[in-house]
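**Student:** Going by the working numbering, the sequence shown runs without a break in its numbering and finishes at 197.
Once you've had a glance at the structure underneath, I'll fire off some questions.
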Amino acid sequence: MKHRWLPKEVIVVEGRSDTQRLKQTFGSDIKTIETNGSAVSRKLRPELERASEKFGIIIFTDPDYQGERIRRLVTEMIPNAKHAYLKPEQAQSKEKHASLGVEHASNETIRQALLDVAIPINTEPVKLIPQSVLIELGLIGGADSRERRQFIADYFNLGYVNGKQLRKKLSLYQIDEENLREKLTEWRGNKNE
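Shown next as structure tokens:
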């Protein structure tokens, strides 16, 4: 089966089932590193560093607490890593009570997530937007804050974020207050239609 596009980077995933799913989507030439759990062993660091230097890496973990923890730990080791995200509804299993996972996503969803990678612009984050501004914009502490944050996270391809994570990711990807206000105005407009 011929595939249209194959990421040149090494994809960092949580486990074997994720690697198998990526091979089903892209073929056997896809390169992965499995973290095998949320601890992210220090032994993995040299392998991640070599892969990053030679090919670049994309962190592609499940959209849950453990996936975000792994993403954070790998990013601490490899600050210039790229990030691919799935929304929870895209990683839902067809089976009841199964956990969220990359292995449950469709081929097209996986391809799109890896095409839409988020690239940190600068490993030195810019100044954090003040928390008071995030409160004023309704991104923290409001009745619809979660919905607003998710709109912003989806638009800028940031993955799931709570209020604290949002500040850090906005800084890392150099999204300033002006861009944030502009997108929230768009969100309000869409909501009122």
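A virtual CB, placed ideally from N, CA and C, is assigned to each residue, including glycine.
Can you confirm whether the stretch 33 to 48 touches the stretch 82 to 95 when touching is taken to mean that 3 or more C-beta pairs between the two stretches lie within less than 8 Å?
**Tutor:** No, because fewer than three Cβ pairs between the stretch 82 to 95 and the stretch 33 to 48 fall closer than 8 Å, the two stretches do not touch.
**Student:** Check the DSSP bridge columns for Glu-38 and list the partner residues they point to.
**Tutor:** Answer is Val-17.
**Student:** If you follow the beta strand (DSSP E) that Ile-62 is part of, which residue opens it and which one closes it?
**Tutor:** Ile-62 -> beta strand (DSSP E) spans 61 to 63.
**Student:** Is it true that the CB of Thr-36 sits closer than 8 Å to the CB of Val-17?
**Tutor:** For Val-17 and Thr-36, yes; Cβs fall inside 8 Å.
**Student:** Taking the continuous alpha helix (DSSP H) assigned at Asn-111, which residues delimit it?
**Tutor:** Segment 111 to 119, the alpha helix (DSSP H) holding Asn-111.
**Student:** Spell out the partners DSSP gives Lys-47 in its beta bridges.
**Tutor:** Paired residue(s): none; Lys-47 is not in a bridge.
**Student:** Can you tell me which of the three DSSP states Lys-86 falls into?
**Tutor:** Strand.
**Student:** Near Val-121, which residues of its chain fall below 7 Å by C-beta distance, leaving aside the five closest residues on each side in sequence?
**Tutor:** So the qualifying residues of the chain are Ile-62, Lys-86, His-87, Ala-88.
**Student:** For the alpha helix (DSSP H) that Ile-133 lies in, which residues bound it at each end?
**Tutor:** Premise fails: Ile-133 is in no alpha helix (DSSP H) and is neither H nor E.
**Student:** Leaving out the 5 sequence neighbours to the left and right, which residues in its chain are closer than 7 Å to Asp-66 when beta-carbon positions are compared?
**Tutor:** For Asp-66, where only same-chain residues beyond five positions count, the Cβ hits under 7 Å are Glu-18, Ala-95, Leu-104, Gly-105, Val-106.
**Student:** Give the straight-line distance between the Cα atoms of Met-198 and Glu-53, rounded to the nearest whole angstrom.
**Tutor:** Look at the range of the chain in this structure, 5 to 197, and you will see that residue 198 is not part of it.
**Student:** Would you tell me roughly how many angstroms separate the C-alpha atoms of Tyr-69 and Gly-193, rounded to the nearest one?
**Tutor:** Computed Cα separation, rounded: 32 Å.
**Student:** Using CA coordinates, which residue listed in Glu-182, Leu-138, Asp-148, Ser-149 is at the minimum distance from Lys-172?
**Tutor:** Measuring from the Cα of Lys-172, the nearest candidate turns out to be Leu-138.
**Student:** Cα-Cα, which of Glu-99, Glu-181, Asp-148 is closest to Ser-136?
**Tutor:** Nearest option by C-alpha distance: Glu-181.
**Student:** If you run the structure through DSSP and keep just helix, strand and coil, what is Asp-22?
**Tutor:** Looking at Asp-22 - three-state DSSP - the assignment turns out to be helix.
**Student:** Of the residues Ser-97, Lys-98, Glu-93, Leu-119, which one's Cα is nearest the Cα of Ile-15?
**Tutor:** Per the Cα distances, Leu-119.
**Student:** Quick check on Ile-144: does DSSP put it in helix, strand or coil?
**Tutor:** Ile-144 falls in the coil class under three-state DSSP.
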